[in-house]
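Chains as they are written, first to last, in our numbering: chain C, 6 to 330; chain F, 6 to 330; chain X, 757 to 1160; chain D, 757 to 1160. Just so it is clear, CB atoms sit at the ideal spot from N, CA and C, and this is done for glycine as well. Note that this is a predicted model, so its numbers are computed, not measured. Since the structure comes first, as structure tokens, the remarks are kept for the end.
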Ligand SMILES: Cc1ncc(C[n+]2csc(CCOP(=O)(O)OP(=O)(O)O)c2C)c(N)n1
Ligand SMILES: Cc1ncc(C[n+]2csc(CCOP(=O)(O)OP(=O)(O)O)c2C)c(N)n1
Ligand SMILES: [Mg+2]
Ligand SMILES: [Mg+2]
């Protein structure tokens, strides 16, 4: 099996999707000849032509409006937003249009073919306009699916699933891992299920839940915790909306403790939703309050980024606090 | 003291603010000569002239962009978005600009003078584009303040405070109550504090938290509950961001039970944040899981609106379930 | 970029260098302007157009009356703009996609949406294709290639660009026409749509109904330029301004626009100058922001009257026929209305279907909880209570009608 | 609306009816075009402009080199566009507001932002006015009326309209100039800004640097029209296209634009035709999307060289002076850089200040928890650990410098 980094895995997934189905189109700012500022769409224009892989003018609301129309027509657009921080001009098209297209028409029309890719997250000295994790902004929107991969293998399998999914999917890619995360990735076509979390490690004392780049942080924290004899169960949520409550609840019923972590600010972040739902379902089994390890309630900083980020030490301390409550 | 409905109270607050400070400006779609589609800005153009109260072209991103610039310049803009459902084209200007203006410049520049008013909420046969409650979309954004009044008295006092507040404020007005809610409102200038919840009724068995139009629903539910001998404490959050965790926590430490309700869909709604924070702070005192009574995880419907809404019966049932857990 | 001439003195342009004329064929008397050529429009098609205009007018009058009686929660009229909307639709292939704003029911009438179909949407009953989820007038028909209306303004404009791009790739010779008001053209989405259409050479017709108002806001407070047409220059796009109350001019211009779009894959902007004769909607009262005199002046330019005169001149129509048609339509609307308002609401399950292609476990759970709650309080939720048991109340194939 | 002439045949316009010329004064040899008039530009001001151009060029070269050495995380050059940015700035009142995109450091240099001030921002140290919160090149200065840069493109354009509206109300005779690239002009915010400025008669100058590229995207894939200038017609706005590498043309055109803006409260659009000689940013490599030949052709149109020839011709500058200035600047940049990179980071508390006017209880709580955590692991957070005790490490008045 070849080794790929996450960008290669994503590029490979797009290549497979475009080769297989000529209705699949890739576009966005600098996506065409240049292959995207991160090169996720490299060589696609060469292979599939300028009508199927192209640059758009610099207008996110237009990119997604255009993509919505294309999807409604029956094409399968994969639109790139250059940074997740720049997805907000398209917020109306996504939240009021993409998400409600099928519902409002009684399923006469839908934009299920649409996938929106965007690099997200911090740890790259990007300051508050190249570091945001906006998943929670969208997770309040029925009709959208939101997926975040943690490594190249997951990225390829989840992206292929997202493209073929009959619902519109926001696919947030942890850009800090684009080149940093490498691993074996099958060359052939495969899909990983949407809507299903994955227990990446079993344990008995405490459950840790995260997604995307934060899974690496969790793994490091777990190493520290296990050295202290704390047995951790780790869950990668993978799909943020609709999320797999059952898998998390089942784990917490067993461990009695839960730590959830994400980079985005705490207030209104998706950890809040998980905590709210799980305290409801597992109330009598909880040994300690559900803990959240998140960014501060501030814009994403630059010089003090390290201090801001929910790193492995902060997660480890939360695990300790949870177990010693 | 005169009796006013909520629109009159809001109009009165704007009138007072404009009379007192000539830097205060009111604008938005149909806000000028016509006085707004709900008439919240009636007569302001007559009184203060076309340069201070005017129609804008139909472009929400422009309205808020313009308002951000005006506020940075030192003016005190009160921008109206005709319906909260149409605030999303301005999402980027609000979330990436308004909210981060002071922080990113190290306080060289700020848009603290800005207030954005928008009618929100259901119960008016508006379907999903005239009924949304988008507060949670913004509550994940440090730098913004979010305020929702429950009656005319609160509307006037909170709006005056919002306009004079040194931070930008989103002021969501429960349009179902615009004419339906009336009450005594002092003619003179007064302010109510931002960032402080209000305990509107004391009780001992269970705490109910809500805001805006939902307070009326809570009151009805409490009536039913008290008939069954359940003593309810009721809290109007009033400011959603930054919210008054202390007041809610204090109450829950006493009652041991919490029911939170809002109209927006459950997943990612602000009740989740409240539940997450309170289970953390009050863990050992909780007698039952924190319950959320919310809209369904769907776009806002029309014909079956009554079924969708978190009405007094649903809140009442949650109170019962909480007490009988 | 064909940057052209040099100048050595700083001369500013302001757009006064050119002006955009208005294309007119038919005057208010129903005869042709001097020098105007009648577009080839056969009797049958002319009658289909005219009848659609009358039907739209009658439907609007009746439904606004029904709204005033409290039978309907909301309504919006096309009144005064029938020629613009129907003239454009008639110039299209019936399989072309139409993406409308909300005031274009005339296009649906023209394509054969039945009164029954209108009523079911207006009453959001169990036969509404939209399953009672949107406010009245948010029609849609897959069969008639008419995209379901969405309230947020201008969002359909870049969508039309995307839809038409897909049509171009599909190579079926079809195009998309997107309607919008001069107010909606102020949204950022409009600018995005035109620019992308020009850059990507998309067969889309941007049809602006410049009816003078956006609710209370007059066009003069909407833009400083001479209408919406000059914006086409910003994107190098073909553009024409037409008298929107002139059925022949609208028809002919749209025909030509369609040719440019489909044969050359070039977008076209059409600005139809017209007037919103009625209130913005049933919630609006225009007396607060415009004069009766102004309204009267425009009432005299009624597009239906103008076409009628032309039709009668041609011998293609007469007053007798008109009377019969009007009476028949009024009757049909009223009868259909009565049936539609009595039809049951969509089933309770429709609250959670179509959010996703399949109902998610979470939504199923929420529906189950709701059902349990309604069982406890059936009287509080009469609409929901009647369909707790889907087998009993659901007309099974009802919802499939408009889709095929 | 001045709807004008009628036509009776369906003629479409496509913008080929007119063309937008380019205003040029100085040719590449540094002499005037025939028929061109030299704007009144005194020796002292010309030297201030020229020195600002040189300073900008040297700063850019040195800092890009520093970035290549890994001393700086990110950098963006103004290279090739100095005449456009500085020529425009020189035509303004120094108290006019400037709202830039990110490639306009020349304007700051011109207004007197010191090398030290640049360095402190670039290194996000404790003297950075922005308190180390934004990426390098996100400068701002209240004192110099230069709005802090924001990365999201085009957001500053409608803000400039609003800012200028406030200036008009304040009646102090000032205006706002907003810079942006031809790429950013595709955003919806651009359209909103121009339309609102025209409707509300706002003294704002929209200055488009059309440098041919938006990262890798050539202008030809950005719009189909002849540049950005024709968009002004869509809003009835004064517009001029200038040779952006011609300091005299830019200066003169902007002077005139400012007069129109301030005296008549009318917005103006200026499109400066120029070229981004360097990479988009330190993260970019243009060899993937454009030819060396193209770059070379533009390098010969270097705006600094052109002005230099004119200055020398005038006897206002000579090679000796140039050499001395360049050396002195290189030295100053390097020395200042060395100091700035050694300065401590902003204090830990700055993580939570300025989110709101006052630190909220919730944020104070989060900061306290963070401090407790850092006390436990001081080595893991060296920057934060050094300012756990604010008294010790904070240079108290440091942050006030740029604000007055
Ligand atoms: C994004 C958005 N903003 C505001 C509204 C509220 N609104 C509905 S119709 C309307 C006026 C539209 O005017 P125009 O586009 O000229 O169309 P007309 O009604 O004249 O046909 C407004 C402001 C909306 N539906 N969507
Ligand atoms: C809203 C938004 N979308 C995308 C980006 C990423 N981005 C940064 S610069 C740039 C290109 C800008 O080109 P142009 O406006 O022509 O300015 P230039 O770099 O040529 O000076 C892009 C796409 C951004 N910063 N903001
Ligand atoms: Mg209109
Ligand atoms: Mg550029």
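Could you check whether the Cβ of residue i sits closer than 9 Å to any Cβ belonging to chain C?
i              : result
residue 293/F  : yes
residue 1045/D : yes
residue 857/X  : no
residue 771/D  : no
residue 829/X  : no
residue 1102/D : yes
Suppose the cutoff is 7 Å on Cβ atoms and the five residues either side in sequence are ignored; what does the same chain contact list for residue i look like?
i             : result
residue 98/F  : 66, 69, 70, 73
residue 814/D : 1082, 1085, 1086, 1089
Tell me the rounded alpha-carbon separation between residue i and residue j.
i              : j              : result
residue 245/F  : residue 1112/D : 15 Å
residue 323/F  : residue 202/C  : 29 Å
residue 1155/D : residue 888/D  : With a pLDDT of 47 at residue 1155/D, under the threshold of 50, the modelled position of that residue is not reliable, and no figure is offered here.
residue 1153/X : residue 306/F  : Note on residue 1153/X: pLDDT 45, under 50, position unreliable in the model; the coordinate value appears next. C-alpha separation (whole angstroms): 22 Å.
residue 82/C   : residue 134/F  : 26 Å
residue 1117/X : residue 199/F  : 39 Å
residue 891/D  : residue 938/D  : 22 Å
residue 32/C   : residue 21/C   : 16 Å
residue 801/X  : residue 1005/D : 59 Å
residue 788/X  : residue 1058/X : 16 Å
residue 12/F   : residue 95/F   : 24 Å
Inspect the beta-carbon positions of residue i and residue j and report whether they are closer than 9 Å.
i              : j              : result
residue 107/F  : residue 117/F  : yes
residue 969/X  : residue 1046/X : yes
residue 935/X  : residue 910/X  : no
residue 243/C  : residue 174/C  : no
residue 150/F  : residue 167/F  : yes
residue 1025/D : residue 994/D  : yes
residue 996/X  : residue 957/X  : no
residue 786/D  : residue 1055/D : no
Between residue i and chain D, is there a C-beta pair that is closer than 9 Å?
i             : result
residue 97/F  : yes
residue 73/C  : no
residue 256/F : no
residue 836/X : no
Which residues in the same chain have their Cβ closer than 6 Å to the Cβ of residue i, if we skip the five residues on either side of it in sequence?
i             : result
residue 266/C : 215, 219, 298, 315, 320
residue 823/X : 831, 1038
Any C-beta of chain X sitting closer than 9 Å to the C-beta of residue i?
i             : result
residue 113/C : yes
residue 222/F : no
Looking at chain F, is there any beta carbon in it that lies within less than 9 Å of the beta carbon of residue i?
i             : result
residue 913/X : no
residue 272/C : yes
residue 216/C : no
### Query
Along the stretch 890–908 of chain X, what residues have a CB closer than 7 Å to any CB found in chain F?
The residues in question are 890, 891, 907, 908.
### Task
Identify each residue in the stretch 82–93 of chain C for which the Cβ-Cβ distance to at least one residue of chain F is less than 9 Å, and report them in chain order.
So the list reads 90, 91, 92, 93, given in the order they occur along the chain.
### Task
Output, in sequence order along the chain, the residues in the stretch 1112–1135 of chain X whose CB is closer than 7 Å to any CB in chain D.
Hits within the stretch: zero.
### Message
Please identify, using Cβ separations under 8 Å, the residues of the stretch 290–317 of chain F that lie next to chain X, in order along the chain.
### Response
Taking 8 Å as the Cβ-Cβ cut-off against chain X, the residues of the stretch 290–317 of chain F that qualify are 301, 302, 303, 304, 306, 307, 308, 309, 311, 312, 313, 316.
### Query
Using a Cβ cut-off of 7 Å, which residues of the stretch 947–975 of chain D contact any Cβ in chain F, in chain order?
For the stretch 947–975 of chain D, the beta-carbon criterion of a distance under 7 Å to any beta-carbon of chain F is satisfied by 948, 949, 951, 952, 955.
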